[in-house]
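Enquirer: Structure incoming, see below.
Chains as they are written, first to last, in the numbering used here: chain A, 2 to 339; chain B, 3 to 335; chain C, 2 to 430.
If you want it as structure tokens, here you go:
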């Protein structure tokens, strides 16, 4: 099977999955107790107005018509209107995507940059202090709820250390809502040469990114360590040693590379954890991303908005997993050939 | 049920490393805390008003803090001292933090164990059938599983709770119900919706593992032999295939308990769990009081960390000894 | 047949594994002389220490194993010159003691002076790199070694290619370890070992090769460095019978062509008979009988050798089928090894004399023929025989962990649970 065919197959599966997600969301809404019209105009509203609203949102149609409309809307990118603010859901979702992406990407970068070397060191110096330290760190990292970690980081850096940091380092990590996005900051830097916005962005994102990234750092460290130890025990490593090539090549070109291939798939599957973590991290840090908006939508029982956000997240998840599979297929020659 | 070789691996792993022992001790302590909460708690965890004369929370034993109180429009700084009545201080509305820590273990453990158990009951049969029958059945069932996986578990859990609300029901506490202990809550709130929801969002991992095992034994000779002797598919599934998949399921279940505890605490933190006697909920309580009363959210957080570490240590031990090749999702947090 | 200059002199070599069950004496005070250009076979059961011996020579013993004692003298005048400065004790004439030189020097000999063929070709290649690339790596080692005079090369091979080079190589092709010339040479090597369409094949991954093809590729890889000594560890065990013969033919041809020395490790006497000039029979970490092919096949003294050859009448069953040697692979655990002939508990001719550990006696036949058995000096008498149950008859289960050290090197799935030799004397598997 060629990579092209493999991808087409995965894309078709992805379409099925998204359809399933859309259907589940629709079904949830259909069985949800309470009249949605109440949520829009309030239970005390004039019945006439309520009927008008029901008409406007298509709530009077038979259920299958609503379903077809709904799926049609989703397919064309029309996620409907928010009950609460009457704004277009698509806009409300898209305007929050950059902040979440910034956070998720920053966390992933932190995780990979720290975890892979840590895992390599840990595996290469088994049962030495460095290994124990890395193991302890990763145990703590996978066991700490990130909302609590976030609060503790705020407590440490934004409460206890804020004044000393300002005094001695000239900066601190602010506690308030993010004031500037990465995109805007970069544009400012490019057009005016002013780097202050970008630095502000960095100070804002540091704690949330660490909070979200810690679990992944810990997990990748563990996976890298155990994966490399397994890999080192394989016969081909001995055979490669027998060739007399430099050790650095054995460790990185052969062993680490082969260790990372399966880790990539595990990470694809763990994206759900990353997104779930982003939702809660955003809540803790008041980060203006999708998760923050999702919690607002849930609290307000704003169905269209909630559905829009969840379907969007699922879409992202599926697409990223397909990308991960494609990457895996190019790295591991056995996948597409079997 | 567990083959001898694995048993000796388990023993060896336990003997050689400090970590499984530490995990067992930690988990045992937390379970004891959960079961004997009415005995161990020093105060009724739901009773409010343990505050000093100015309405300030007490800090943990041995610490103090300064705060400002208003007096006729003027503010004066006062020092709030700890009291030996409240080992870990009290929270913003004057509930005893230590007692809430003890009772919080109940919620975590109940949801962790019941939620995982329920997930096993849903996921394992699903996976076994899917893997054993293979073909179209498998394809269809795996698409369902893929769909479930496309939802981040926390997000799906939030959506489900958004729909069904978060109901809980009280489980009577025998220790107080029979009058053995006075002044403690008579029942423990089990966040029912949350328990079902965590099972609904985590069963897929069990299905995947069970499916893999079923596929691997489907063509084994002894299964073929059983079939040729006229055993029905159901007999084969439950007599031959199920026992084979138990080892990886046990390991995964252990790891998933940790994930479920984290998920429950996240839901409670966000205020979606339906109970207020929970570590996650207490952490969110303290969120607004970080500047002065840091312990309100720090203490229950440590409770979660220790509980999850305990379970993870045991999970690592089982995984190293039994060595199944499995993966599961991490906590929703 | 061969001239009489030794290329390798192994004295007193002991390799031990320090496991949880105790110290395992995988190789015990082993003596070995290998002449330049000969094919020397070491034959024995799984767990006899033959593989560990081979790996000790090429320095591939991994923890918890360790070479605890001994000398491995290797004849290489050039190397001797280089080493003499730093460690004069490690040099004797043109010989160098490999166990006294620095690890870097030792490492630099891999691929160029010694190379190795492994039993299971499928697991001995990295699955995610092309065969051509892996061969080219081996070629590159030789290319770089010959580009530099030995003196600099011997310092540290790995310092030449550092982590920095590796990082740079992700963006700069010129920093890659493997060069285009080596890739081309790799293709030539594939052709040399009889792989059709070598250009295309070089770009394929190990799983796209058949077992026999892959073994050919491994031989090509081992030859890439033009080694002085080729160690072949069960080179045909994992292969089909028809392929086995082809691989042996190939090895034979290449040996004739290049005149390299081969140390052949096998449990199969058929392979020995076909390939070797001299042979050593290994049991419980020592060589119990050695000599020319004729010595071992026709004039053998040791009952174990006889057992291997399947010529002990009592062990032949009613149906004329070859019966395995009774009993178990010996425990190599230090605290369970008694100071006696280690084969005595399985030996049909065990006598009271066997309770002393026998030295190597000269035996009839060629000059090279020695045997570690009292039967070389006296004959068997019923009167001195040990009672049948002298060593107890408790059986250790098959796949006993005492046989572990050989296996933990991960190369012998084919004889994993074999505690007996049922396939001696032919390619009948």
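A virtual CB, placed ideally from N, CA and C, is assigned to each residue, including glycine.
Since we're looking at a predicted model, the values are computed, not measured.
Would you mind listing the alpha helix (DSSP H) stretches within the region 103 to 147 of chain A that are 4+ residues and don't spill past its ends, in chain order?
Expert: Those alpha helix (DSSP H) runs which fall completely within the region 103 to 147 of chain A and span 4+ residues are 130 to 144.
Enquirer: If you compare alpha carbons, which of C:305, C:116, C:299, C:367 is closest to residue 240 of chain A?
Expert: If you number the first chain from 1, residue 240 of chain A lands on position 239. For the residues C:305, C:116, C:299, C:367, the minimum Cα distance to residue 240 of chain A belongs to C:116.
Enquirer: Can you find the residues in the same chain that come closer than 7 angstroms, C-beta to C-beta, to residue 297 of chain C, ignoring five residues on each side of it along the sequence?
Expert: Along the third chain, one-based indexing puts residue 297 of chain C at 296. If we look at residue 297 of chain C and ignore the five residues flanking it on each side, its Cβ neighbours are 280, 282, 290, 306.
Enquirer: Determine which residues of the region 50 to 75 of chain A have a Cβ less than 8 angstroms from any Cβ of chain B, and write them out in chain order.
Expert: So nothing in the stretch comes that close.
Enquirer: Would you call residue 206 of chain B buried or exposed, if buried means 16 or more other Cβ atoms sit within 10 Å of its Cβ?
Expert: Residue numbering aside, residue 206 of chain B sits at position 204 when the second chain is read from its first letter. So residue 206 of chain B ends up on the buried side.
Enquirer: Hey, out of A:180, A:254, A:184, A:77, whose CA is closest to residue 168 of chain C's CA?
Expert: In the third chain, the residue the question calls residue 168 of chain C occupies position 167. Residue A:254 is the option with its Cα nearest to residue 168 of chain C.
Enquirer: The beta strand (DSSP E) spanning residue 23 of chain A covers which residue range?
Expert: Residue numbering aside, residue 23 of chain A sits at position 22 when the first chain is read from its first letter. No beta strand (DSSP E) holds residue 23 of chain A; the alpha helix (DSSP H) holding it covers 4 to 32.
Enquirer: Measuring straight from C-alpha to C-alpha, what distance separates residue 29 of chain B and residue 149 of chain A?
Expert: In the second chain, the residue the question calls residue 29 of chain B occupies position 27. In the first chain, the residue the question calls residue 149 of chain A occupies position 148. Roughly 21 angstroms separates the two Cα atoms.
Enquirer: Out of B:80, B:65, B:66, point me to the one whose CA is closest to residue 72 of chain B's CA.
Expert: Counted from its first residue, the second chain places residue 72 of chain B at position 70. Of the candidates B:80, B:65, B:66, the one whose C-alpha sits nearest the C-alpha of residue 72 of chain B is B:80.
Enquirer: Quick one: list the residues of chain C neighbouring residue 259 of chain A, beta-carbon separation under 8 angstroms, in chain order.
Expert: For the purposes of this step, residue 259 of chain A is identified with residue 258 of the first chain, where counting begins at 1. By Cβ distance, chain C contributes 127, 128, 129.
Enquirer: Which residues of chain A have a Cβ atom closer than 9 angstroms to the Cβ of residue 300 of chain B, listed in chain order?
Expert: Against the second chain, residue 300 of chain B aligns to sequence position 298. 149, 152, 153, 156, listed in chain order.
Enquirer: For residue 125 of chain B, report the span of its alpha helix (DSSP H) as first-last.
Expert: The residue given as residue 125 of chain B occupies position 123 in the second chain. Residues 99 to 135.
Enquirer: Would the region 183 to 200 of chain B and the region 152 to 170 of chain B be scored as touching if the rule is three or more Cβ pairs under 8 angstroms?
Expert: Counting Cβ pairs under 8 angstroms, three or more are found: they touch.
Enquirer: So what's residue 63 of chain B in DSSP terms, helix, strand or just coil?
Expert: Sequence index remark: in the second chain, residue 63 of chain B carries index 61 (1-based). Note: residue 63 of chain B maps to coil in three-state DSSP.
Enquirer: Quick one: using the 10 Å Cβ neighbour count with 16 as the cut-off for buried, is residue 309 of chain C buried or exposed?
Expert: Numbered from 1 along the third chain, position 308 holds the residue referred to as residue 309 of chain C. Buried, by the Cβ-count rule.
Enquirer: With a threshold of 8 angstroms between beta carbons, is residue 145 of chain A in contact with chain B?
Expert: The residue given as residue 145 of chain A occupies position 144 in the first chain. Interface residue, yes.
Enquirer: For residue 125 of chain C, name the three-state secondary structure that DSSP assigns.
Expert: Against the third chain, residue 125 of chain C aligns to sequence position 124. Three-state result, residue 125 of chain C: helix.
Enquirer: Which residues in the same chain have their Cβ closer than 6 angstroms to the Cβ of residue 296 of chain A, if we skip the five residues on either side of it in sequence?
Expert: Here the question's residue 296 of chain A lines up with position 295 in the first chain. Excluding positions up to five away in sequence, the list reads 284.
Enquirer: Distance, Cα to Cα, residue 315 of chain A vs residue 233 of chain A?
Expert: Residue numbering aside, residue 315 of chain A sits at position 314 when the first chain is read from its first letter. Residue numbering aside, residue 233 of chain A sits at position 232 when the first chain is read from its first letter. If you take the alpha carbons of residue 315 of chain A and residue 233 of chain A, they lie about 37 angstroms apart.
Enquirer: For residue 71 of chain C, name the three-state secondary structure that DSSP assigns.
Expert: Along the third chain, read from residue 1 onward, the residue named residue 71 of chain C stands at position 70. Correct three-state label for residue 71 of chain C: strand.
Enquirer: Starting from the beta carbon of residue 176 of chain C, find every residue of chain A whose beta carbon is closer than 9 angstroms, and list them in chain order.
Expert: As a first step, residue 176 of chain C is located in the third chain; it is residue number 175 there, counting from the start. Result: empty, since nearest Cβ-Cβ is about 12 angstroms, beyond 9 angstroms.
Enquirer: Report buried or exposed for residue 50 of chain B, applying the criterion of at least 16 other Cβ atoms within 10 angstroms of its Cβ.
Expert: If you number the second chain from 1, residue 50 of chain B lands on position 48. Residue 50 of chain B comes out exposed.
Enquirer: Mind pulling the chain A residues with CB within less than 7 angstroms of residue 391 of chain C?
Expert: As a working mapping, residue 391 of chain C is identified with position 390 in the third chain. Within 7 angstroms Cβ-Cβ: nothing; residue 391 of chain C doesn't reach chain A, min ~40 angstroms.
Enquirer: Classify residue 84 of chain B: buried if its beta carbon has 16 or more other beta carbons within 10 angstroms, exposed otherwise.
Expert: Translated into positions along the second chain, residue 84 of chain B becomes position 82. Classification for residue 84 of chain B: buried.
Enquirer: Exposed or buried, which one is residue 218 of chain B when buried takes at least 16 other CB atoms within 10 Å?
Expert: Residue 218 of chain B sits at position 216 when you count from the first residue of the second chain. So residue 218 of chain B ends up on the exposed side.
Enquirer: Determine whether the beta carbon atoms of residue 206 of chain A and residue 120 of chain A lie at a separation below 8 angstroms.
Expert: By one-based count along the first chain, residue 206 of chain A stands at place 205. By one-based count along the first chain, residue 120 of chain A stands at place 119. In this structure, residue 120 of chain A does not lie closer than 8 angstroms to residue 206 of chain A by Cβ.
Enquirer: What does residue 341 of chain A touch in chain C if you count any residue whose Cβ is under 7 angstroms from its own?
Expert: Beyond the ends of chain A as shown, which are 2 and 339, falls residue 341 of chain A; an answer cannot be given.
Enquirer: So, does the CB of residue 118 of chain A fall closer than 8 angstroms to a CB anywhere in chain C?
Expert: If you number the first chain from 1, residue 118 of chain A lands on position 117. No, because no Cβ of chain C sits closer than 8 angstroms to the Cβ of residue 118 of chain A.
Enquirer: Whole angstroms are fine: how far does the CA of residue 293 of chain B sit from the CA of residue 97 of chain B?
Expert: Numbered from its first residue, the second chain carries residue 97 of chain B at position 95. Numbered from its first residue, the second chain carries residue 293 of chain B at position 291. For residue 97 of chain B and residue 293 of chain B, the distance between alpha carbons rounds to 19 angstroms.
Enquirer: For residue 267 of chain C, I'd like the list of residues in its chain whose CB is within less than 7 angstroms of its CB, leaving aside the five on either flank, ordered along the chain.
Expert: Residue mapping note: residue 267 of chain C aligns to position 266 of the third chain, counting from 1. If we look at residue 267 of chain C and ignore the five residues flanking it on each side, its Cβ neighbours are 42, 44, 235, 273.
Enquirer: Consult DSSP for residue 322 of chain C and reduce its assignment to one of helix, strand or coil.
Expert: As a first step, residue 322 of chain C must be located in the third chain, where it is residue number 321. Its pLDDT being 48, under 50, residue 322 of chain C is placed unreliably in this model, and the value from its coordinates should be taken loosely. Three-state DSSP puts residue 322 of chain C in coil, outside helix and strand.
Enquirer: Relative to the C-alpha of residue 10 of chain C, which candidate in C:57, C:286, C:47, C:109 has its C-alpha closest?
Expert: Indexing the third chain from 1 puts residue 10 of chain C at position 9. The candidate whose alpha carbon is nearest that of residue 10 of chain C is C:57.
Enquirer: Name the chain A residues that come within less than 8 angstroms of residue 1 of chain C, Cβ to Cβ?
Expert: Residue numbering for chain C in the displayed model covers 2 to 430; residue 1 of chain C lies beyond these limits and cannot be assessed.
Enquirer: Report the CB separation of residue 126 of chain A from residue 287 of chain A in whole angstroms; it is logged as a contact under 8 angstroms.
Expert: In the first chain, residue 126 of chain A corresponds to position 125, counting from 1. In the first chain, residue 287 of chain A corresponds to position 286, counting from 1. In fact, because the Cβ distance is near 41 angstroms, the residues do not count as touching under 8 angstroms.
Enquirer: Please return the same chain residues whose Cβ sits closer than 7 angstroms to the Cβ of residue 147 of chain B, not counting the five positions on each side in sequence.
Expert: Here residue 147 of chain B refers to the residue found at position 145 when the second chain is read from its first residue. Result list for residue 147 of chain B: 206, 209, 210, in chain order.
Enquirer: Give the residues of chain C in contact with residue 255 of chain A, contact being defined as C-beta atoms less than 7 angstroms apart.
Expert: As a first step, residue 255 of chain A is located in the first chain; it is residue number 254 there, counting from the start. By Cβ distance, chain C contributes 127.
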